[in-house]
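Protein chains in written order, with our numbering: chain A, 44 to 218; chain B, -8 to 121. Structure first, then comments.
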C-alpha cells in the first residue's frame, strides 16, 4: 500500500501487508498501526517497527465502512460476523468484548471522544454502544438501511446515509 | 511570623485557584454527544451515496458517468465532479477536502481537491496495489 502526498503526489511511505494485498485498509489516528483484511482475516500491524500485532479470524468480509479505530488508536472495532461486533485492544493484543446485535450490521464509527461506538444496521436500526462495556445504550429506528455514518465536526450531530439514497441528521432537540 | 502567615495565605489562594481551574476543565471537556437527546433534525433525499468522510460529511454520488462530490455540512449541492474510468475505488480524507481515486484500468491513483475541483496529484503504479 502506498501513501502519497495529496498535493504533490510524492510517495510518503510504502506499507507492506503481512499477507499480501488488503481489500480494506485503515490507518490508526496516531499513524502507528495499519489494519487490513485479506479474505476473512484481519491483520493489524505496526509498519514502523515491522511488527505484526494480531491476525483476527472473521467470518465476514469487511470494508472501509465496517471497521474503525478508536480516537486513541488503542482499540479497533470490526464486524466479526454479519451481526457480531468485536472490540480488540491493540496494545494488549486481546479481545475486549464481542456482542451479537441480532441483525446484519453494515457500518461502524467511533465518536471522536471514544466513549461511544455507533453501528448502523441494514434493518434501519442505529445502535449506540458504550465502548467500555459493549452494552447498547440506545437503539434508534431510522427507517432505512444505513450504509454509512458520519459525525458533524463539533461532534454533536450524527448523519446517517441511506443505502438507497438520502440521509438523516440526528442531534439534540432544537429549542 | 508575618512572613509565614503571608506564605500560608498565598498557598491557600493557589489551592483555591487550582480547584477552580479543575472545575473549569471538567466543564470544558463535557461530552458533546449525548445519545438520550438525539432526535431527527433534518432529512433529505439524494442519489445513492458512495463514500463518506468520517468527520466531514462530504460524499460522492453517481450521476450519468460522473461521481459528484457534495457537501452536506456546508449546504452546497456540488463541489466537483469526477469522471469514472473503469473500475475504481475511493478514499476520502477525514475533513472531506480530498478524495483519492484509484483506477484499476490504468493502475493509477489520483488525488482530487473537492473544494471546487482540480487534480492535485497522480501516481502511476507499475503493477498492482500491494
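Each residue gets a CB set at the ideal place from its N, CA and C atoms; glycine is no exception.
C-alpha distance - residue 38 of chain B paired with residue 204 of chain A, whole-angstrom precision:
Stepping through the second chain from its first residue, residue 38 of chain B is reached at position 47. Stepping through the first chain from its first residue, residue 204 of chain A is reached at position 161. Here the C-alpha atom of residue 38 of chain B lies approximately 11 Å from the C-alpha atom of residue 204 of chain A.
Please classify residue 56 of chain A: does DSSP put it in a helix, a strand, or coil?
What you label residue 56 of chain A is simply residue 13 of the first chain in a count that begins at 1. DSSP places residue 56 of chain A in the strand class (E or B) of the three-state scheme.
Exposure of residue 54 of chain A, with buried meaning 16 or more beta-carbon neighbours within 10 Å
As a working mapping, residue 54 of chain A is identified with position 11 in the first chain. Exposed: under 16 other Cβ atoms inside 10 Å.
Residue 214 of chain A, enclosing beta strand (DSSP E) - first and last residue:
Counting from one through the first chain, the residue named residue 214 of chain A turns up at place 171. For residue 214 of chain A, the enclosing beta strand (DSSP E) begins and ends at 210 to 215.
Under 8 Å between beta-carbons, which chain B residues line up against residue 112 of chain A? List them in chain order, please.
Looking up residue 112 of chain A in the first chain gives position 69. In chain order: nothing, as chain B lies at least about 10 Å away.
Please classify residue 108 of chain A: does DSSP put it in a helix, a strand, or coil?
Here residue 108 of chain A is taken as the residue at index 65 of the first chain, counted from 1. Of the three classes helix, strand and coil, the one that applies to residue 108 of chain A here is helix, per DSSP.
Determine whether the beta carbon atoms of residue 139 of chain A and residue 130 of chain A lie at a separation below 8 Å.
By 1-based counting over the first chain, the position of residue 139 of chain A is 96. By 1-based counting over the first chain, the position of residue 130 of chain A is 87. Taking 8 Å as the cut-off, the Cβ atoms of residue 139 of chain A and residue 130 of chain A count as close.
Answer yes or no: does any C-beta atom of chain A fall closer than 8 Å to that of residue 57 of chain B?
Position 66 of the second chain, counted from the first residue, corresponds to residue 57 of chain B. For residue 57 of chain B, no CB of chain A lies under 8 Å from its own CB, so it is not counted at the interface with that chain.
Length of the line joining the Cα atoms of residue 42 of chain B and residue 193 of chain A:
Working through the second chain from its first residue, we reach residue 42 of chain B at position 51. Working through the first chain from its first residue, we reach residue 193 of chain A at position 150. In this structure, the CA atom of residue 42 of chain B is about 10 Å from the CA atom of residue 193 of chain A.
Three-state secondary structure (DSSP) at residue 16 of chain B?
One-based indexing of the second chain puts residue 16 of chain B at position 25. Note that residue 16 of chain B has pLDDT 49, beneath the 50 cutoff, so the model's placement of it is unreliable and no number is given.
For residue 79 of chain B: DSSP bridge partner residues:
Indexing the second chain from 1 puts residue 79 of chain B at position 88. BP columns for residue 79 of chain B point to B:94.
Of the residues A:190, A:174, A:100, the one placed nearest residue 115 of chain A, counting alpha carbons only:
The residue given as residue 115 of chain A occupies position 72 in the first chain. The shortest C-alpha separation from residue 115 of chain A is found at A:174.
Residue 176 of chain A, DSSP secondary structure in three states
For the purposes of this step, residue 176 of chain A is taken as residue 133 along the first chain, with counting starting at 1. Here residue 176 of chain A sits in coil by DSSP.
Which residues, taken in chain order from the region 173 to 204 of chain A, show a beta carbon closer than 8 Å to some beta carbon of chain B?
Those residues of the region 173 to 204 of chain A placed with their C-beta closer than 8 Å to a C-beta in chain B are 180, 181, 183, 190, 191, 192, 193, 194, 195, 196, 197, 198, 199, 200, 201, 202, 204, ordered along the chain.
What residues from chain B crowd round residue 171 of chain A, counting only those whose CB sits closer than 7 Å?
Along the first chain, one-based indexing puts residue 171 of chain A at 128. The answer, in chain order, is 26.
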